[in-house]
Structure formats: structure tokens, C-alpha cells
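In this text, residue positions in the sequence shown follow my numbering: the first is 444, and each later residue adds one. The beta-carbon is built from N, C-alpha and C at its ideal position, and this holds for glycine as well. Here the structure is laid out as C-alpha cells; the discussion comes afterwards.
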Amino acid sequence: MLERRVILRAERLRQSTQLSLVGGVPLAMETRLLVLIGSAWHGESQYPEGDRFDLTRTGPQNLPFGHGVHLCLGAQLARTEGPVALEALLDRCGALARGPSPMTWQRTLVVRGPVTLPVVSRPE
């Protein structure tokens with residue numbers, strides 16, 4: 444099972460403007476927060492088993508490409524390219540499975556993703 448551990452380089456430093464409650468934790472006014480977008484989409488109430496990578500998962504709409512007037516101009520292109528690229532890969536390689544070698548991970552706060560992801564091809 445592939446765990447969902449990729450953290451995107453999208454961090455924002457924020458400061459609370461009033462007494463707030465975030466995830467049940469009280470924050471005093473002017474508390475500084477580092478918001479990591481890669482930490483989103485893990486809340487069990489919205490995403491059961493949020494740390495598990497599941498291509499079939501449904502849930503609330505997420506905002507990786509923004510929303511409304513702030514929607515990324517390349518969003519539709521990226522949403523079209525992903526399935527096309529995966530289909531081409533599977534057409535060329537057949538079924539893919541994790542290889543016997545261990546997967547290695549980058550060790551940083553900002554970008555957390557695999558350095559290597561060994562796979563084996565099993566032509567269908």
C-alpha cells in the first residue's frame with residue numbers, strides 16, 4: 444500500500460487576528476502559524492484513511508488549483524494530462540506493481556515525496 448506522504452511546496456505563514464480555535468486547539472491573537480497545503484486532505488471526518496493513497500476516493504472538492512476567479516489557468520490542462528499520461532504508461536508497460544526494493548523518501552519539511560519508487564512491469 445502506498446501511503447499519501449507527498450507534501451507540496453506550498454506553505455504560507457499566517458497570523459491569527461483574533462482568539463481562534465483550530466482543530467480544537469485555542470490560538471491567542473497574533474499567534475503565528477505555518478500552513479502546509481500538503482497537510483490538507485487528511486482529516487478523518489472528511490477523508491477516512493486520509494494517509495492512504497486511494498485513486499477511487501471521493502470527498503469534498505479540494506482546492507489544489509484554486510477556485511472561482513482564482514482558478515489556475517492550467518487546471519483543465521493538468522486534469523486532462525494526468526489520465527492521458529497514466530493511460531499511455533499502462534499501455535506501454537502493462538500492469539505495474541511495486542518492486543522488491545524499498546521506496547526511499549526525501550527528508551525535508553517542504554517537499555516530502557519519494558526519491559525512488561521501484562516498480563516492475565507485468566505485460567498483460
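- Residue ranges of uninterrupted alpha helix (DSSP H) with 4 or more members, entirely inside the region 476–540 and ordered along the chain, are 518–536.
- Contact check between the region 533–540 and the region 554–565: three or more CB pairs, one atom from each, fall below 8 angstroms, which counts as touching.
- In this structure, Gly509 and Tyr490 do not form a Cβ contact; the two beta carbons are roughly 20 angstroms apart against a cut-off of 8 angstroms.
- When Pro526, Thr559 and Thr474 are compared, the shortest CA-CA separation from Gln461 is found for Thr474.
- Distance from Ser463 to Leu470 at the Cβ level is roughly 5 angstroms; contact confirmed, criterion being Cβ atoms closer than 8 angstroms.
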